[in-house]
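Residue numbers (this note's numbering): 22 to 410.
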Ligand code: SF4
């Protein structure tokens, strides 16, 4: 739909913006036009990547996820500069700006591998899954929310990215498209380090070529000395993702991670904080998998007290994953949990601005930064839905 003239933008309070971002993440955005994003893979999958009133956000735009959303995207005749409006019930609620296609996507390596198959630009952050295979994929240990094998099967990436390839692409993304940091994740291997050293070597090459801050992400290694080695290779921050603090949910959705156990994650985090420093270690905490809210908040607070930033995100069901048909949690539930955790982060000296690189630096997949800025914390809502998976 195209309308004109363009109405004046609504004045958005910080509290209102935090609520709006959370609702957009929960309910998605109806749009006829592609807004830029990605399908499949690890990390933010099957989402559009945009700026809403200047704030980075990932959200569902696929009709299968957003058809019932009260929010629609309207082209106000200024789309040539990427400015669009988000409307709810005929009222303009926010600006939306899309990502332009990164320039480096048109380049390729000497062996004719397109740069975009090696690493993608997520808004202003370059991201790559350095090993697009996982020892758990396709067997009983596969994490039910994960889509790491989906993009490999579709041919949209390559199985193993070499350190030199990543360095070459990262330099182009920095120089041509203004990438400000790099996030490198990996599927798990059967080796005792779970793949940590390889992703650490990739980070080393990227840092040497670009000087950009780099986050590496991996499972807790059997021998925690591997974390020391990764730190020596030069990564700035590390993500070691427990995904949920509810042990029953962990056992159901990520059996291999459940064998490490939540205490196993705390041991790995303790070692990682000693190497990388407080606030430079993060864990994803996914909401909407049937978790106990009290265990979730307790786990986040315990992690924060250790110096680990719990990066709370709503479940994003990934097409092709074993939770493809799950329903994302309602925004009030997400806001309640985030609102309870954020004040404890402040007490622990952590905030959305602490991390030098990675998902916690970007914040587009979580309402945490907006909640922190709004001061709208300790939101208490009646009724805590417990089982949404
Ligand atoms: S460990 Fe789980 S989340 Fe990580 S890549 Fe393997 S299946 Fe996916």
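Built from N, CA and C at the ideal position, the CB exists for glycine as well.
A direct Cα-to-Cα measurement between residue 326 and residue 127 gives close to 45 angstroms. Between the ligand SF4 and the CB of residue 358, the shortest heavy atom gap is not smaller than 6 angstroms.
Secondary structure in the stretch 287-334: the beta strand (DSSP E) runs of 3 residues or longer, each lying completely within the stretch, are 302-308 in chain order. DSSP places residue 389 in the uninterrupted alpha helix (DSSP H) bounded by 389-395. Ranked by how close their Cα comes to the Cα of residue 68, the residues 96, 143, 272 have 143 in first place. In the three-state reduction of the DSSP assignment, residue 371 falls in the coil class, being assigned neither a helical nor a strand state.
Within its own chain, the residues whose Cβ lies closer than 7 angstroms to the Cβ of residue 293, once the five positions on either side in sequence are excluded, are 248, 259, 261, 302, listed in chain order. Of the residues 392, 320, 149, 97, the one whose Cα lies closest to the Cα of residue 115 is 97.
Counting the other Cβ atoms within 10 Å of the Cβ of residue 328 gives 16 or more, which makes it buried. If you check the C-beta of residue 157 against the ligand SF4, you find a heavy atom less than 6 angstroms away.
In this structure residue 235 is in contact with residue 257, their Cβ atoms being roughly 6 angstroms apart against a cut-off of 8 angstroms. Between the alpha carbons of residue 149 and residue 206 lies a gap of roughly 6 angstroms. In this structure residue 320 is in contact with residue 283, their Cβ atoms being roughly 7 angstroms apart against a cut-off of 8 angstroms. Residue 276 and residue 268 have their C-alpha atoms some 10 angstroms from each other. In chain order, 275 place their CB closer than 6 angstroms to the CB of residue 164, counting only its own chain and leaving out the 5 sequence neighbours on each side.
Cα atoms of residue 311 and residue 354: separation of roughly 12 angstroms, rounded to the nearest angstrom. For residue 221, the uninterrupted alpha helix (DSSP H) run begins and ends at 217-231, by DSSP. Taken atom to atom, the span from the alpha-carbon of residue 71 to that of residue 117 is near 7 angstroms.
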